[in-house]
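Single-structure report; data block below.
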């Protein structure tokens, strides 16, 4: 298991290098010069030339790439043009917000999608089934920024039940310990702040989880239904086991591998979706940071974030692969 | 099939189940709804100048933020600078249509060419193509598109390239698997024995056999491209803002969310219905063509 994990991790390194090369090549298309983004137009040509040399901007592209790669390995993606601080520092500061949002969205999707899918599979053709089918098709087909805007309109604008954006109410004075606001407020015993943070998280998590809910519902229904036709379910029925027990202990458990796969695959979509949802709800995560970086042409920030996003995506997929073995003992890794 | 008085319904089944039983061909409804959506999109896109009651970019601050009025000149209301929402939705369908068709076309041609080549020839060629797939698949969805648009710039052609960059992969994976399976079938071996060239076999035997999967995937690819394009436009990374797009309209609506709900509702509804239609069409086609899935 350890050997397999190490090998998989090592296998991800060349992929990341090529991914970095792709992004680096794309950067060469960027209009304008990094130097002119940083220093004022009034600087003399000699000053500009000095900076170009100091930054290695006159080196051949391959040399520049190797330098960039060497720095990236140590987590040094340069300094953000806009924020004037190291990219890595910025990312680490805002990463917990995105992870918190993505995990909450996954939780929403699992909590709604799995029961709905199992119920639909247990009674094909029933009202539940149709409800699940309609719900999942709608969930997959609705753009999340639209749902976000509509929910803000209803819950914040009309009913005044939930905040329209941001991560926590101002002036609550919660010290950042882990960066995960829900956790930090609990550690510090601040239930009022926890409630506030939860209210801010509710709408973005619901919106980000909508597409995933639709997909999980569909897949759970299909896998459970397939499992219900297997021989072991027939045996369980013949033994006289109750319907609920067969459904959850036998059919659902065997359908779980497919469901976990889809959660893993969809986590990537969740990361991308977070860029949009974070923008809609002014959620201070790395997704909205990337979009701000693009609008201000903050190239070091963009490259750093694209690479970090991709690395997270690759890592999550690896974790999901490893998780299979825990869920399904039939899969053994050699 | 219609429900007749003579239908024997087992005891204990509710009215709903009877309804479902009598509408077994719901996939017919799905296909119908899907086809109607595609037809509506094509008609709106082709005939926008005749269908739209107003020019899409005509501004008139005197009528800014007019609520929908079914009997007035602005049926779905106007936006913050007095442009007619309905006309902009009709014109916005053009970008969605062009993007959906182009992305589906380029993605399917690239993906099928690489997939069939990899699956049919196998060996090193397959290995090399699989590596390329792995690299492109390593980017989270939409991330590569965003990186391309962020560095190279905005424009219709760039958005199409950016969205095609990852969309060809599902085509490649599916056709590779199918070509691999077909390669071993008797009729292909027979053709080879008779001296048919690889090119001939691929054109006359492999491609016709993977066509159904391609059609099903194209429906989903178009739905995906429309959502992706509107997401890019919403983020301000799509086509230039002067061209009306559904995503761009939603982006404009954010600042006026509490005062003009119609600015957000209708363009989003256009995206939702179009994507839903394409997804339902894809699902109906899959049910029709894939007997394995039909049983569920």
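Residue numbers (this note's numbering), protein chains in the order written: chain A, 9 to 342; chain B, 826 to 1121.
Each residue gets a CB set at the ideal place from its N, CA and C atoms; glycine is no exception.
Using DSSP with H/G/I as helix, E/B as strand and the rest coil, what is residue i?
i, result
"residue 87 of chain A", "strand"
"residue 269 of chain A", "helix"
"residue 903 of chain B", "strand"
"residue 1077 of chain B", "helix"
"residue 909 of chain B", "strand"
"residue 882 of chain B", "coil"
"residue 848 of chain B", "Annotation note: pLDDT 47 at residue 848 of chain B (below 50); position unreliable, coordinate value reported separately. It is coil, neither helix nor strand."
"residue 192 of chain A", "helix"
"residue 312 of chain A", "helix"
"residue 175 of chain A", "coil"
"residue 942 of chain B", "helix"
"residue 291 of chain A", "coil"
"residue 55 of chain A", "helix"
"residue 1037 of chain B", "helix"
"residue 137 of chain A", "helix"
"residue 895 of chain B", "coil"
"residue 1023 of chain B", "helix"
"residue 92 of chain A", "coil"
Just to confirm my understanding: we take residue i, look at its own chain, exclude 5 residues before and 5 after, and list those with CB closer than 8 Å. What are they?
i, result
"residue 331 of chain A", "268 and 272"
"residue 964 of chain B", "972 and 991"
"residue 118 of chain A", "224 and 271"
"residue 184 of chain A", "192"
"residue 235 of chain A", "241, 258, 259, 260, 262 and 263"
"residue 13 of chain A", "326 and 330"
"residue 1034 of chain B", "1003 and 1007"
"residue 176 of chain A", "182, 189, 201, 204, 205 and 208"
"residue 90 of chain A", "300, 301, 304, 306 and 309"
"residue 26 of chain A", "none"
Can you pull the chain B neighbours of residue i, defined as C-beta to C-beta under 7 Å?
i, result
"residue 317 of chain A", "965 and 968"
"residue 99 of chain A", "By Cβ distance, chain B contributes nothing, its closest Cβ being about 15 Å from residue 99 of chain A, past 7 Å."
"residue 279 of chain A", "965"
"residue 314 of chain A", "968 and 972"
"residue 287 of chain A", "1060"
"residue 276 of chain A", "965 and 966"
"residue 31 of chain A", "972"
Could you work out which residues of chain A lie near residue i, taking near to mean beta carbons separated by less than 7 Å?
i, result
"residue 1062 of chain B", "302"
"residue 1075 of chain B", "153, 154 and 157"
"residue 1079 of chain B", "157"
"residue 985 of chain B", "Going along chain A, no residue has its Cβ under 7 Å from residue 985 of chain B, so there is no contact; the nearest lies around 16 Å."
"residue 959 of chain B", "23"
Provide the residue span of the alpha helix (DSSP H) that contains residue i, from first to last.
i, result
"residue 108 of chain A", "95-130"
"residue 874 of chain B", "873-876"
"residue 8 of chain A", "In the structure as shown, chain A begins at 9 and stops at 342. Residue 8 of chain A is therefore absent and cannot be evaluated."
"residue 1008 of chain B", "981-1008"
"residue 151 of chain A", "Neither: residue 151 of chain A is in no alpha helix (DSSP H) and is coded neither H nor E."
"residue 955 of chain B", "948-962"
"residue 19 of chain A", "10-35"
"residue 246 of chain A", "239-246"
"residue 1089 of chain B", "1087-1114"
"residue 1017 of chain B", "1011-1018"
"residue 80 of chain A", "69-81"
How would you list, in chain order, the residues of chain A whose beta-carbon sits under 9 Å from the beta-carbon of residue i?
i, result
"residue 1049 of chain B", "Neighbours of residue 1049 of chain B on chain A: none; closest Cβ ~10 Å, over 9 Å."
"residue 978 of chain B", "37, 38 and 39"
"residue 873 of chain B", "Here the premise fails: no neighbours, minimum Cβ distance about 22 Å."
"residue 1093 of chain B", "150, 151, 153, 154, 155, 157 and 158"
"residue 774 of chain B", "Outside the modelled stretch of chain B, which goes from 826 to 1121, sits residue 774 of chain B, for which no answer is possible."
Return the chain-ordered list of same chain residues with a C-beta closer than 6 Å to the C-beta of residue i, the five sequence neighbours on each side being excluded.
i, result
"residue 127 of chain A", "136"
"residue 328 of chain A", "272"
"residue 1104 of chain B", "1048"
"residue 17 of chain A", "none"
Sorted by chain position, which residues of the same chain lie with C-beta nearer than 7 Å to residue i's C-beta, five sequence neighbours on each side aside?
i, result
"residue 255 of chain A", "126 and 130"
"residue 1101 of chain B", "none"
"residue 335 of chain A", "264, 265 and 268"
"residue 28 of chain A", "77, 80 and 315"
"residue 925 of chain B", "1047, 1050 and 1051"
"residue 321 of chain A", "276 and 279"
"residue 1099 of chain B", "862, 866, 921 and 1051"
Residue i versus chain B: which residues are under 8 Å apart at the beta carbon?
i, result
"residue 161 of chain A", "1082, 1083, 1086 and 1089"
"residue 290 of chain A", "Those within 8 Å of residue 290 of chain A in chain B number zero; the least Cβ separation is about 10 Å."
"residue 27 of chain A", "960, 963 and 964"
"residue 310 of chain A", "972, 975 and 976"
Which residues in chain A have a C-beta closer than 8 Å to the C-beta of residue i? List them in chain order.
i, result
"residue 973 of chain B", "34"
Report the neighbours of residue i on chain B: residues whose CB is nearer than 9 Å to its CB, in chain order.
i, result
"residue 296 of chain A", "Correct list: empty, because the minimum Cβ distance to chain B is about 10 Å."
"residue 187 of chain A", "None at all; the shortest Cβ gap to chain B is about 21 Å."
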